[in-house]
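With my numbering, letter number 373 in the sequence shown gets 373, and the count goes up by one each step, no holes.
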Amino acid sequence: MKTLFILGVILFAYPFNDLSAQNITTPLRIIAFGAHPDDAELKAGGVAAKWAEQGHKVKFVAMTNGDVGHFKEAGGPLAIRRFAEVQECAKLLGIETEVLDIHDGELMPTLENRKTVARLIREWQADIVLFHRPYDYHPDHRYTGVLVQDASVVVAAPFFMPLTPPTEHNPIFMYYSDNFERPYPSVPSIAVGIDEVAEEKWNCLRAMPSQMSDADSWQGRYLPNVPNNDQQRQEYIVGVHKKSNSDRADKYRERLVELYGQDRGNEIKYAEVFELCQYGRQASMEELKKLFLIDISTINEPSKVSPSQDGSLQLSAQFGKGVGPKIAYMPEESSFGWFTAADLVEWEVQVEQPGKYEVYLEWSVADAESGKPYMLKAGNQELHGKVEKTGSWQTFKTKKIGTIKLDAGIQKLIFKPTLKFETVGDKGALLDFRKLTLVPVKK
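This is the structure we're talking about:
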């Protein structure tokens, strides 16, 4: 159990400096790798503009020169054209851009390219590294993912490329989102609303006609129903990407609500989404909110829980009612902390689909304090369990804890401990509770 006066401690994959201890007003340094001149812009142009507006330093790197990404032009002329386009885009976003002279479609995960990626991260002294997941339809995307993953461990090794100073701390590595399902789908760690900088992103895309408006551009050829008129074609193709960012906001609406609060989270129209890579330094949600410029203070506002679009019920700490002598909502972690056995959290829930629900708990606990029993109560139904280890108070995990049956109508659900315990300082607490997710069991 963390006291209310201390921000969460960040977990490290390696023993380097803790970014959370730095003043966030110190300019961050972010480097984003894309396979081609347009990939980083499409995946992270919005958050890049947000960082740049607040004085942080952002660099985009295209791993290939894009010299075959067109149906009418190719080779050197196309590479020069695409280089000029992303430089114009960089001016609009307020960032820097570099394009490597590797042929489009020919990127390979070689030692030489690994050294290049490591050198770029080191020279930028990056705090955050953004890149593709290595599960993608295009080999250049896949190998960009592999190369950045392979560089993630050596950027801080002083005797790897010893003439280039290592990073001062191990960066945080974040995947772009995508729609590929195998071997596993993208699992968002952070969703960032970009409405206030959306026009900067759309103007950036308009500055890349070799991709966004030419009749013989890749998208001009492959997208359905593309208009013949040049200006209409450009707005149509840019509109496809607007819808992609809008669809992403809708897909991860619950995550946006968790991060921004109910009112703001439901208002966000456009979003970019990123997944924390298991390589590199592992950041807490508190730190990710800071780094991605999300207000870290969520307000506890008890309110009735209604089913999500997929029928699930999201019983978050933010919308639960804490009852008890010392239970406390911790806005920096969007969670409740238990200080006595008399503490509990309750929700008023609108159940529209009666039947069995799988129950998933999101929680954290220091290993030494794990093992205490708890109960989820819904009418006459009770689900019992014991708090399992997560590694620390700062490490939140999600796990299925059982099933429970719910009747239709408005019900009160209660989560509480089932045995007495004493809390002295950080010792003896039950858990830090972030959310219960109830998923209807398909018949």
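Each residue gets a CB set at the ideal place from its N, CA and C atoms; glycine is no exception.
Terminal residues of the alpha helix (DSSP H) in which residue 80 lies: 75-93
Three-state secondary structure assigned by DSSP to residue 30: strand
So, at 6 Å on beta carbons, what are the nonlocal neighbours of residue 190 in its own chain, with the 5 sequence-adjacent residues on each side left out? 274, 288, 292
Quick check on this structure: which residue in 181, 393, 364, 122 has the alpha carbon closest to the alpha carbon of residue 399? 364
Just to confirm the assignment: which complete beta strand (DSSP E) runs, minimum length 3, are found wholly within the segment 252-339? Here the runs fully enclosed are 271-280, 313-316, 321-323, 328-330, 335-337.
When we look at the beta-carbon of residue 357 and count the other beta-carbons within 10 Å, is it buried (16 or more) or exposed? buried
Which two residues bound the contiguous beta strand (DSSP E) that contains residue 212? Premise fails: residue 212 lies in the alpha helix (DSSP H), 209-212, not in any beta strand (DSSP E).
Length of the line joining the Cα atoms of residue 430 and residue 351: 28 Å
Measuring alpha carbon to alpha carbon, tell me which of 396, 345, 354, 284 ends up nearest residue 443. 354
Alpha-carbon spacing of residue 203 relative to residue 415, whole angstroms: 49 Å
Please state if the CB of residue 161 and the CB of residue 119 are separated by a distance shorter than 8 Å. Contact flag set, yes.
What's the call for residue 231, buried or exposed, on a 16-neighbour Cβ count within 10 Å? Looking at its Cβ environment, which holds fewer than 16 other Cβ atoms inside 10 Å, residue 231 is exposed.
For the candidate residues 64, 89, 226, whose alpha-carbon lies nearest to that of residue 79? When 64, 89, 226 are compared, the shortest CA-CA separation from residue 79 is found for 64.
Output yes or no for whether 8 Å exceeds the beta carbon distance between residue 337 and residue 367. no
Over what stretch of residues does the beta strand (DSSP E) that includes residue 153 continue unbroken? Careful: residue 153 lies outside any beta strand (DSSP E), inside the alpha helix (DSSP H) at 139-154.
For chain C, find out if any of its Cβ atoms is closer than 8 Å to the Cβ of residue 332; answer yes or no. In the displayed structure, chain C is absent; only one protein chain is listed.
For residue 390, the three-state DSSP class (helix, strand or coil): Note: residue 390 maps to coil in three-state DSSP.
Spatial neighbours of residue 413 in its chain, beta-carbon cut-off 6 Å, leaving aside the 5 residues before and after: 347, 349, 378
Tell me which same chain residues have a C-beta within less than 7 Å of the C-beta of residue 241, skipping the five on either side of it? 42, 205
Can you tell me whether DSSP reads residue 398 as helix, strand or coil? Of the three classes helix, strand and coil, the one that applies to residue 398 here is strand, per DSSP.
Beta-carbon contacts of residue 175 that lie in its chain and below 6 Å, excluding the five residues immediately before and after: 133, 275, 277
For the segment 93-122, list the beta strand (DSSP E) runs that are entirely contained and at least 3 residues long, ordered along the chain. DSSP runs (the beta strand (DSSP E)) wholly in the segment 93-122: 96-99.
Can you look up residue 135 in the DSSP assignment and give me helix, strand or coil? Three-state DSSP puts residue 135 in coil, outside helix and strand.
Could you compute how far the alpha carbon of residue 18 sits from the alpha carbon of residue 332? Unreliable positioning characterises residue 18 in this predicted model, as indicated by a pLDDT of 44, which lies under 50. The coordinate reading is nonetheless provided below. Near 17 Å, if we compare the C-alpha coordinates of residue 332 and residue 18.
Grab me the residues of residue 145's own chain with a C-beta within less than 8 Å of its C-beta, minus the 5 sequence neighbours each way, in chain order. 131, 132, 133, 134, 135, 136, 175
Three CB pairs or more closer than 8 Å across the segment 208-223 and the segment 81-99: Enough Cβ pairs lie closer than 8 Å, so yes.
Please look up how many angstroms separate the CB atoms of residue 279 and residue 152, rounded, as I've assumed it's under 8 Å. 4 Å
Select from 122, 307, 243 the residue whose C-alpha is nearest the C-alpha of residue 409. 307
Leaving out the 5 sequence neighbours to the left and right, which residues in its chain are closer than 7 Å to residue 29 when beta-carbon positions are compared? 57, 124, 125, 126, 127
To the nearest whole angstrom, what separates the beta carbons of residue 334 and residue 433, a pair I think is in contact under 8 Å? 10 Å between Cβ atoms; not a contact.
For residue 227, collect the residues of the same chain with a Cβ closer than 7 Å to its Cβ; drop the 5 residues on either side in sequence, then sort them by chain order. 233, 236
Spell out the partners DSSP gives residue 57 in its beta bridges. 29
The alpha helix (DSSP H) spanning residue 348 covers which residue range? No alpha helix (DSSP H) holds residue 348; the beta strand (DSSP E) holding it covers 344-351.
Given residue 405 as reference, the closest of 387, 439, 223, 435 once Cα atoms are compared: 439
Supposed contact pair residue 140 and residue 100 - C-beta distance, whole angstroms, cut 8 Å: That pair is no contact at about 11 Å.
DSSP bridge partner residues for residue 364 (one or two, in chain order): 432
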